[in-house]
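**Q** Before anything else, here's the structure in question.
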Amino acid sequence: MDDVLVVGGSFAGLSAALQLGRARRKVTVLDTGLSRNRYAASAHNILGHDGAAPAELLAAARRQVEAYPTVQFVQGCATTVAGAADDFTVGTADGEALSARRLILSYGIVDEMPDVPGFAEAWGKTVIHCPYCHGYEVAGRRWGLLYSSPLSLHAPALYGDWTDDITLILDGNPIPDAERHKLERRGVRVLDGKLAAIHQEGGQISGITLEDGTELGLDALYAHPRNHPSADLHAQLGLETETTPTGIMVVAGERQATSREGVFAAGDLTSPIHSVNSATHAGSAAAMGAQHSMLV
Ligand SMILES: Cc1cc2nc3c(=O)[nH]c(=O)nc-3n(C[C@H](O)[C@H](O)[C@H](O)COP(=O)(O)OP(=O)(O)OC[C@H]3O[C@@H](n4cnc5c(N)ncnc54)[C@H](O)[C@@H]3O)c2cc1C
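Right under this line is the structure:
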C-alpha cells in the first residue's frame, strides 16, 4: 500500500508529490492531465518562470518529480473513495483500485462557461479572470467586467491600476443606486443589459453585444464564472465545505488537514485565491501534513 495517494497531479498535486518523494515516502499521483489554466498561452506571477506556457511548466515539474523512485504516476480519473485513515481506496473510471494510508485531494475546480457565443472560445485569452495573471498584457486598453457577484462592484477600483477604460456589464443584475453612483464617479461606465454575444477571432475579442442591442468595443473582458470541484471525492468523504462567491471550497486547516482524519486537500479546491503560487504552497503544506500524521 502507498503512504499517500495524490488525486490530481497539477500545481498543487505535483508540489505535494515532490515534497513526499524527497522524504522517500511511497506516493502515487493519479491525474487526468487537465490543469485549470490550460486555456492560457502563458502563466504569470511565477517567480523565475514568468510568461512560461502552463503545459511546459507542468511537464518540467513532472519530469523532476518522476525522478524520485518512490513516486509513481497513474493516468486516470478518480471516481470513488472508501475506507479510513491508514486504509483508503480510490477507484478509477477504468476500474483500477489504488490504496494508501493518506489522501491528498488536489483535483481543482472546473469553470462553468456561460452559454454566450464567443465566451468559451476566448476564455484564458482575452476573456480572463485575474488582472495579476493577464492584466499587464492588456494594460491601458478597453476593459469590460461581467458582473458575477457583489464583489464585482469592488473590482474596478483594483483594475484602475491597469486601465482607465472600464465598463461594468451588469448582465441584468440590479445594484443599489449608491453603488452605481460610486462607480460612475470613478469613471466606470455601467451597462444594465444582459450579455448576448462576445465578438472574437482566434480568442482575441473586439467587442460585445447585449440583448438590448447595445454594442461595445472591448479588448479584454473580465469574468468570474461559477465553478465546481472537478470530482466529488470530498462529498463522498463527507468533508466540510464552505460557500464562495462562485462555488464551494473544501475547508482545510493547519497543514491542509480536512475535517476527516487522514485526508488533506490543496490548491484551488481549498482556497478562494486561485493562483499557481498558492496551489504549490498548499501542496507542499499538505505533503508535510500527511507525512507528519504518519510519524510514530
Ligand atoms: C484561464 C486561466 C488562466 C490562469 N492563469 C494563471 C496565471 O497566469 N498565473 C497564476 O498564478 N494562476 C493562473 N490561473 C490559476 C491557476 O490555473 C490555478 O490556481 C491552478 O491551476 C490551481 O492548481 P491546482 O493544482 O489546484 O488545480 P488544477 O491546475 O486545476 O489541477 C487539477 C488537476 O487534477 C486533475 N483531476 C481533476 N479531476 C480529477 C480526477 N477525478 N481524478 C484524477 N485527476 C483529476 C486535473 O486533470 C488536473 O491535472 C489561471 C486560471 C485560469 C482559469
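Converting from the sequence shown to the working numbering requires adding 152 to each position, the first position being numbered 1. Glycine included, every Cβ here is placed at the ideal spot set by N, Cα and C.
1. As an exercise, report each continuous beta strand (DSSP E) stretch of at least 3 residues that is fully enclosed by the region 280 to 350, in chain order.
2. Do the CB positions of G405 and H380 come within less than 8 Å of each other?
3. Quick check: the region 223 to 243 against the region 177 to 187, are there 3 or more CB pairs under 8 Å?
4. Is the beta carbon of V159 within less than 7 Å of some heavy atom of ligand 1?
5. If contact is defined by three or more beta carbon pairs under 8 Å, each pair taking one atom from either stretch, is the region 365 to 375 in contact with the region 294 to 309?
6. Which term fits V448, buried or exposed, when burial requires 16 or more other beta carbons within 10 angstroms of its beta carbon?
7. Given this structure, state the Cα-to-Cα distance separating G369 from A234, to the nearest angstrom.
8. Ignore the nearest five residues each way along the sequence and tell me which others in V159's own chain have a CB closer than 6 Å to its CB.
9. From the DSSP output, which residues share a beta bridge with F240?
10. Between G270, Y284, L199, S167, which has its C-alpha nearest I425's C-alpha?
11. Could you round the C-beta distance between R254 and A442 to whole angstroms and report it? I think they count as a contact, below 8 Å.
12. Taking all protein chains shown into account, decide if H444 is buried (16 or more other Cβ within 10 angstroms of its Cβ) or exposed.
**A** On the basis of the data shown:
1. Entirely contained in the region 280 to 350, the beta strand (DSSP E) runs reaching 3 residues are, in chain order, 295 to 298, 318 to 321, 341 to 343.
2. no
3. yes
4. yes
5. yes
6. exposed
7. 52 Å
8. Closer than 6 Å at Cβ, skipping near neighbours: L182, A230, L257, Y259.
9. Bridge partners of F240: G235, A252.
10. Y284
11. 4 Å
12. exposed
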